[in-house]
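The structure appears below as structure tokens.
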Amino acid sequence: MSELSDLQAAEIAKLQALGKAWHHFHHGASDELVPTDAGNIPTLSGLAKVIFDTMGGVLLPVLETVNAAGPAVALDIDPLRRVSAFDITLTAPECALSLLNAQVPAGYSRAITLTLRQGSGANKVQWPSNVVWAYNRQPVLSYVPGAYDLVTLVYDPIAHNWRGMVDGGWFNV
1 MSELSDLQAA EIAKLQALGK AWHHFHHGAS DELVPTDAGN IPTLSGLAKV IFDTMGGVLL
61 PVLETVNAAG PAVALDIDPL RRVSAFDITL TAPECALSLL NAQVPAGYSR AITLTLRQGS
121 GANKVQWPSN VVWAYNRQPV LSYVPGAYDL VTLVYDPIAH NWRGMVDGGW FNV
């Protein structure tokens, strides 16, 4: 058996260093940096932390609560705010709902989930005109105080409107 050439030994050393960096990248703590030929890079958990801190998590929607919607409520759905869920307590017989900053850039989709709680009971929502409903029917909301309904609005990039779907109703009754 022959000895390794200097070139072979150097290549093996590179592979060992790469394996060590790979292991450190995958298993290192979120506050550690991994030295590479291209410079120091964060570990995988460090990258996940950056995504979570800047984007609010990949799967965790930011929730905004509206404690008393009254006769009108304007929901700011600007993507930069990262709010994709609203918990709204209806406190007037009819609440005109509007969507602020509802433009969705080409090539993207957007969905928002609304929890509509009955504050005083039998309150209705007047939906924006650019919301089209499944089966062409607006939802009939629960009317008992304390009950709530879930509605999802999904942006339609072809028709440039929002598709409304009832996820469920009469919760907490």
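Here the numbering used here is used: the first residue of the sequence shown is 1, the next is one more, and so on. Ideal Cβ positions, reconstructed from N, Cα and C, are used throughout, including at glycine.
For residue i, three-class secondary structure by DSSP
i, result
"N172", "coil"
"Q16", "helix"
"G164", "strand"
"N67", "coil"
"I112", "strand"
Contacting residues, own chain, Cβ-Cβ under 6 angstroms from residue i (five flanking each side not counted)
i, result
"V125", "C95 and L97"
"V173", "V144 and A147"
"E32", "T43"
From the options, residue whose alpha carbon lies closest to that of residue i
i, options, result
"N136", "D156, T113, S142 and R163", "R163"
"G19", "T36, L7 and S30", "T36"
"P79", "T91, P71, A72 and V62", "V62"
"V140", "S120, V166 and G119", "V166"
"A38", "A21, S45, W170 and V104", "A21"
"T89", "V104, R82 and G70", "G70"
"P105", "G28, I77, A9 and N40", "I77"
"I41", "F52, D53 and H26", "H26"
"S30", "I51, I12, Q16 and A17", "I51"
Residues near residue i in its chain [Cβ-Cβ closer than 8 angstroms; skip 5 each side]
i, result
"S109", "V154, Y155 and P157"
"A134", "R163, G164, M165 and V166"
CB of residue i within 7 angstroms of CB of residue j, strictly
i, j, result
"L116", "D149", "yes"
"A102", "T152", "no"
"D87", "T65", "yes"
"T91", "G119", "yes"
Close-in-space but distant-in-sequence residues of the same chain around residue i (CB under 7 angstroms, 5 per side omitted)
i, result
"N130", "N161 and W162"
"A74", "S98 and L100"
Residue interval of the beta strand (DSSP E) (run including residue i)
i, result
"P35", "L33 to T36"
"N40", "G39 to P42"
"A122", "Where A122 is concerned, there is no enclosing beta strand (DSSP E), given that its DSSP letter is neither H nor E."
"V89", "Checking the sequence shown, residue 89 turns out to be Thr, not Val. Looking at the DSSP string, the run of the beta strand (DSSP E) that includes T89 is V83 to L90."
"S129", "Looking at the DSSP string, S129 is not in any beta strand (DSSP E), and its letter there is neither H nor E."
"D149", "Y148 to D156"
Proximity test, residue i beta-carbon vs the ligand FMN heavy atom, cut-off 6 angstroms
i, result
"A9", "For the ligand FMN, the structure offers nothing, since it holds no ligand at all."
Neighbour flag for residue i against chain D, beta carbons, 7 angstroms
i, result
"L33", "Among the chains in the structure shown there is no chain D, since it carries only a single protein chain."
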